[in-house]
Structures are given as structure tokens and as C-alpha cells.
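Residue numbers (mature numbering (1 follows the signal peptide of the UniProt record, and there is no 0)): -17 to -1, 1 to 655. Each residue gets a CB set at the ideal place from its N, CA and C atoms; glycine is no exception. Keep in mind the model is a prediction, meaning the values are calculated, not measured.
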């Protein structure tokens, strides 16, 4: 017994010591993150930043690699690593870094002053790091700065300063202020407040560069959903709600989806042979492009005549879309409708939900439809950006929206593992948004994506679609949706055609109705000069076959894929398809980061929407895309999205080194 107890005592003492050390390290991180302890100095040696601290009698550094950073959206990041300082430390060439603490707030203030509008009740949107703010003058002329979600509805927006532009302005102001004090620093360590795990921003004004510095994660995100609850919720949502109850309340839709899933699975079991070109021809020098008028006649015959007039506004990335949508919600007079695939319960998602709850309490009709399975799956997922240590993720976004609020929320069930993947947001039945963006921090801050804002008669059709889907997602299912479609009173049309509006064609994927696929396949076949495609998930052999054939006709075919993909198996198939396309003369680019964009240009015809180039999006799920042949919109999409992204991406210059498993994965993903 004595011989057994002695090792146990030593092990226990070791574990207690390890726990004590870990606890001490976590407390050190917490002190740095909250700026309770401030650095004594900072310097750069080579490509490494050193931030020096003295804490509880210990002398140590946090180091950051300034060369090997990672990109998340528009922000470069580097992780801080603790290192105990020693007498033997040697440095080859220390370059001093000015530590700017609370003074950074004064720099921000001085940068904002020239941006203040002259007139009362006028404001300018200013994006400061992760904050969306409104700088405006009150009715009495005094200036004020508020978060966009708290902006007064009566303020007229007269301008906008994006985060990159404001950062450059602030850096220049910082340089001017330090120069006036007789110093000549070009490297600065700027204090960040209320940015969890990121206490500082390193800026080199000479190189016009900045890196956000992150501490290692020293705490776990708290969630209302437990691991056991997560598993039970998934089983209940899929097998009980979607399969059992979904079949009872919507027998026709459920049967139709099963048939579509089965037939599409059989269809994709026998993909076309991707035959290589005998020779890759030079690009065609002909000026002739796709005949838009003839193509529209083909679409009318084979796809349908869902053409509507609309004013279109292109919104690229979260910094353009979300403030636009937030302002629209704040100024809504009647209703806010949302049909979305994913609505995250991260801090940014909850801030939008709070805006919707507030508007509902003020009498606005707020309705949200979100995918059932994704509501459950995302309840166990950590936010894209680490929240504060005391943040607790709610269990479901639907219950959060409804809690003590007149706002309404329903889920779209998933019979046979099918989804409603469309994204449509509607305000006051007059303004609508659609595209690739769901609700969450990745869409707002770190991913590349796009939406379009729509005004005009097309919005009336989207409102009608929403009401039918809202009825379907209630207890009545198929029967309620059919009743609304057949017997509901015709709504008063509030959207009039105005000069300058253009034609927009609504195209769908519905069970056994692949309009989006058929339209884009035919567009590729008819293109004569160029085909530009950007998509995150690229696994459809039939589309790849048509792209190779188009390149064989001398068409300039280019495809942009994400270099970082949120779905690992789809990243593998993307790379497999990239090699196939590259071998046949297609120019393939990998965007620097995660691109969730779903857009294409076929000569003078553009397609934007929610659909990916995979089986589920093209043949099974509910999807909606827009076909647009307006020359001005096609030119803007080409210039602002494609040409810019060609420059921000790495073009393939040689085949990717892939293993035999990529071919197997490609075969498997034909069913996804």
C-alpha cells in the first residue's frame, strides 16, 4: 500500500503544479487582454515584434511573427507567443516601436473631426475596425458618434468612410501628431479596447501596413447548448421534425423532394466523361458576343417568363451589405421579412436580432424563416471571432428572436436531408436583398461575398414568394401554402416601374426543376468571348465539361475558387476540378481567403444568387438566382468583382500536386 501511495502523491503534486501554472498563465493573458498590465516597451528585431512586460516580479515578452501572418477578410493577423526574458537574449538590430495606449483614442477623435458633416441631422457612416458607427450632428448642431444600430432614423446619410480608408487616415494623423512632438517613429503599437483576445494593432506607417495581434485562446466559449443536448436536438430536428412531422404536414413536398433526390442521385452516378482538348486554341479575336435577344427567347421558352423591372445595387462584402440592411431595418415603416439559410447566434448575429426585436416592439411586422438543421448545427459551433469571456451563446436563434418579443420566427424543415438554401431579405415590401450572404460574423467580417439590393416590381414577386413559404413553414405545411396561393387576397402592388429600371429574370432550383443549371449551361454554350465564374463549391461535371468545350472554341474562360474553404471535402474536389480545368486552358485563380461569392458573367449576361455549382444547389435544394443582361450592371460586376478579384488571387501556373484520394473524393461529392 505504501509503495502504491508514494507515486500517487507525486503524480497528484505534479498535476496540481501543472494546473497552478496553467491558471497563472491564463491570468497573465487576461491581464494583458484587458490592459490591466501595460507593456514597458516594444521593438522589432528582424521580422519579429517583441512586446516587453513586467508582471508579478516576472520579466517576459510577447512575440509576433510579422512576416508569416494570416489573412481574415481585410485584416492581417499574427498570434502573440509568450517568451520568458533572459540575460542571454541577444538581438541583432532593434527598431523601436512607439506604444500608444489611451492616446490612440485622441488620434481617433482628431481623425473623425474633419469627417463631421456641416449640417444638422446629417451623418457619415464610419467603419472603425470592427465597429459600424454613425458620425452626425444632432438637431442643435452638436456632434455625436453612435453605433450604427443606435443611429437616429431621422439622420440623413451623406457619405461613408470604409475601414481601410479610415485606418490609413488615422495612421497619417498619428504620424503627424508624433512628428509635432519631435519624434520620428514609423512603427507603432496601438491599444485596442473591447476586441476580445486582440489587445494591440501593430502599424508600420513607412510600409503602410498593419497587423492585428491576437493572444492564444485561454478560455472556451460558453454555450447554453450542452454536448448531450446538441446530439439530442439534432436527432429530434432531423428524424422527428423533418422526416416524421415534415411528411405529415407536407406530404406532397416531402414526396417530391424524395423523388428529386433519388433521380438526381441516379443522374449524377453517371457523370459525363471529361474529355481533354486535343489542343488548347488561342483566344478568339472576334468582337461578336452572346446574342442576348435570342438567348432571352430561349430562356422564355425553356425556363419561363419571370421577368421583372428592377433597380439593382451591387453590394460587395459584408462592409457594404450589412450597414445597408441595418439602416433599412431601422427605417422600416411596415415590415421586415427574412428567409435565410444560416442565422448565427454569435455577437454580430445577435445584434441584428436585437434590432429586429426592437422594431417588432415598435409595431413593425417582423418575420424570420431559417433552416431547421442549420439552426441546430450552428448552436454547437464557436463564433468566427472569439467573443468576450462572459459571452454566452443562446441555444437557438429562433427562440432568441421570439423571447419576450412580438417578432415571429419559423424554421424550414429538411425532409430527406434537403434544404432551402436561398437568402432573401425584404423591408417594407419595397426593398429586397438576395445573394450569398447569411447572417453571422464570417459574412460580416472575414469572408468574401456579395449581395444585390433590389427595388421595383421584382420585389412584389419576392414578397409573394415569402408569404407562401411562411405559410408552408407553419403548422399547415403544403395545405396552408396552397390555400394562400389560391385564395388569399391579392396584395396591393406598392412597387411601380420607374425610368432607368432594368429587366431581372428570376430563376430557381426546385425539386426536378433545375432552371439555374439549365440557364447557365446554355449561357456557356452560347458565349463567344468570355466566361467568368466565381463559386465556393465546384463539383458539377456537366458544368466543367461545358467550360472545357467553351475554351476549345477560343472563349476566355476563368474560374475563381477560394484558397481556404469552410468545407474540407469541397476544397479537395475544388482542387481536383482546378487541375482538370487548368489542363484544358482554363485560367484558374485561388482567392486569398474564403470566398463565398456565387456569380458568373457570360459575355453580356450575368447570374448572381444563392446557388453553388454542386448537385444539391443545381438539382435538389430550393435556390434563387437572378439573370441580368443590363450592360451597365454586367460592366460593374466585371470591374468591381471579377477584375479586382483576379488581382487579389493567385493564378495557377502549374498543376496542383494531388493524391489519388482527390479522385475518390471527387466521385463522392457528385452526391453533394
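Buried/exposed call for residue i, threshold 16 Cβ in 10 Å
i: residue 638; result: exposed
i: residue 218; result: exposed
i: residue 417; result: buried
i: residue 656; result: Outside the displayed span of the chain (-17 to 655) sits residue 656, for which this structure offers no information.
i: residue 608; result: buried
i: residue 50; result: exposed
i: residue 518; result: buried
i: residue 494; result: buried
i: residue 660; result: The structure shown does not extend to residue 660, since the chain is modelled only from -17 to 655, so the question has no answer here.
i: residue 597; result: buried
i: residue 659; result: This structure does not reach residue 659, given that the chain is present from -17 up to 655, and the question cannot be answered.
i: residue 408; result: buried
i: residue 636; result: exposed
i: residue 458; result: exposed
i: residue 406; result: buried
i: residue -3; result: Here the model assigns residue -3 a pLDDT of 45, short of 50, so the residue's position is not dependable, and the following value carries that caveat. The residue in question, residue -3, is exposed, as its Cβ has fewer than 16 Cβ neighbours within 10 Å.
i: residue -6; result: Because the pLDDT at residue -6 is just 47, under 50, the model does not fix this residue reliably, and the point stays unresolved.
i: residue 612; result: buried
Chain-order list of residues whose beta-carbon lies under 6 Å from that of residue i (same chain, five-residue window excluded)
i: residue 62; result: 197
i: residue 512; result: 272 and 586
i: residue 82; result: 22, 25 and 172
i: residue 12; result: 198 and 201
i: residue -10; result: Reliability of the predicted coordinates at residue -10 is poor, the pLDDT of 49 falling under 50, and the value obtained from them is presented with this limitation in mind. Taken in chain order, the list of residues that qualify is empty.
i: residue -8; result: Because the pLDDT of residue -8 is 47, which lies under 50, any placement of that residue in the model is unreliable, and the number read from its coordinates should be weighed accordingly. Same-chain partners within the cutoff: there are none.
i: residue 188; result: 154, 158 and 169
i: residue 434; result: 298, 304, 416, 418 and 420
i: residue 665; result: No answer is possible for residue 665: it lies beyond the span of the chain, which begins at -17 and ends at 655.
Neighbourhood of residue i by C-beta distance below 7 Å, restricted to the same chain and skipping five residues each side
i: residue 443; result: 476 and 478
i: residue 244; result: 399, 401 and 603
i: residue 357; result: 324 and 325
i: residue 145; result: 110 and 302
Contacting residues, own chain, Cβ-Cβ under 8 Å from residue i (five flanking each side not counted)
i: residue 115; result: 108, 130, 131, 132, 305, 306 and 309
i: residue 95; result: 109, 118 and 128
i: residue 413; result: 438, 442, 477 and 478
i: residue 124; result: 103
i: residue 85; result: 174
i: residue 139; result: 104, 105 and 106
i: residue 137; result: 104
Integer-rounded CB distance, given that residue j should sit under 8 Å from residue i
i: residue 355; j: residue 395; result: 6 Å
i: residue 440; j: residue 207; result: Actually they do not touch by this definition, with Cβ atoms about 43 Å apart.
i: residue 338; j: residue 383; result: At roughly 13 Å, the Cβ-Cβ gap does not stay under 8 Å, so residue 338 and residue 383 are not in contact.
i: residue 510; j: residue 533; result: 6 Å
i: residue 428; j: residue 29; result: Wrong, their Cβ atoms sit about 30 Å apart, outside the cutoff.
i: residue 331; j: residue 424; result: 5 Å
i: residue 687; j: residue 195; result: Examination of residue 687 is not possible in this model, given that the chain is present from -17 through 655 alone.
i: residue 403; j: residue 77; result: Going by Cβ atoms, the distance from residue 403 to residue 77 rounds to 58 Å, so no, they are not a contact pair.
i: residue 253; j: residue 506; result: Contact doesn't hold; Cβ gap of about 24 Å is too wide.
i: residue 8; j: residue 43; result: Not confirmed; about 11 Å, so no contact.
i: residue 559; j: residue 641; result: 6 Å
Beta-carbon spacing of residue i, residue j below 8 Å
i: residue 583; j: residue 503; result: yes
i: residue 229; j: residue 220; result: no
i: residue 319; j: residue 353; result: no
i: residue 68; j: residue 172; result: no
i: residue 33; j: residue 52; result: no
i: residue 97; j: residue 141; result: no
i: residue 460; j: residue 232; result: yes
i: residue 574; j: residue 523; result: no
i: residue 275; j: residue 500; result: no
i: residue 263; j: residue 365; result: no
i: residue 321; j: residue 351; result: yes
i: residue 572; j: residue 541; result: yes
i: residue 300; j: residue 192; result: no
i: residue 454; j: residue 464; result: yes
i: residue 20; j: residue 38; result: yes
i: residue 317; j: residue 283; result: no
i: residue 590; j: residue 610; result: yes
i: residue 160; j: residue 90; result: yes
i: residue 514; j: residue 267; result: no
Using 8 Å as the cut-off, can you tell me whether the stretch 520 to 539 makes contact with the stretch 560 to 576, which would need three or more C-beta pairs spanning the two stretches below that distance? Contact between the stretch 520 to 539 and the stretch 560 to 576 is present, with at least three C-beta pairs closer than 8 Å.
Between the stretch 177 to 196 and the stretch 362 to 373, can you find at least three pairs of beta-carbon atoms closer than 8 Å? yes
Inter-stretch contact at 8 Å, needing at least 3 Cβ pairs: the stretch 340 to 355 / the stretch 309 to 323: In short, these stretches touch, since the Cβ pair count reaches three.
Whether or not the stretch 277 to 295 and the stretch 383 to 393 are in contact is what I'm after, with contact meaning three or more pairs of Cβ atoms, one per stretch, closer than 8 Å; do they touch? Taking a cut-off of 8 Å for Cβ pairs, the stretch 383 to 393 and the stretch 277 to 295 do not touch, as fewer than three such pairs fall below it.
If you pair each beta-carbon of the stretch 477 to 497 with each one of the stretch 547 to 554, do three or more pairs fall below 8 Å? no
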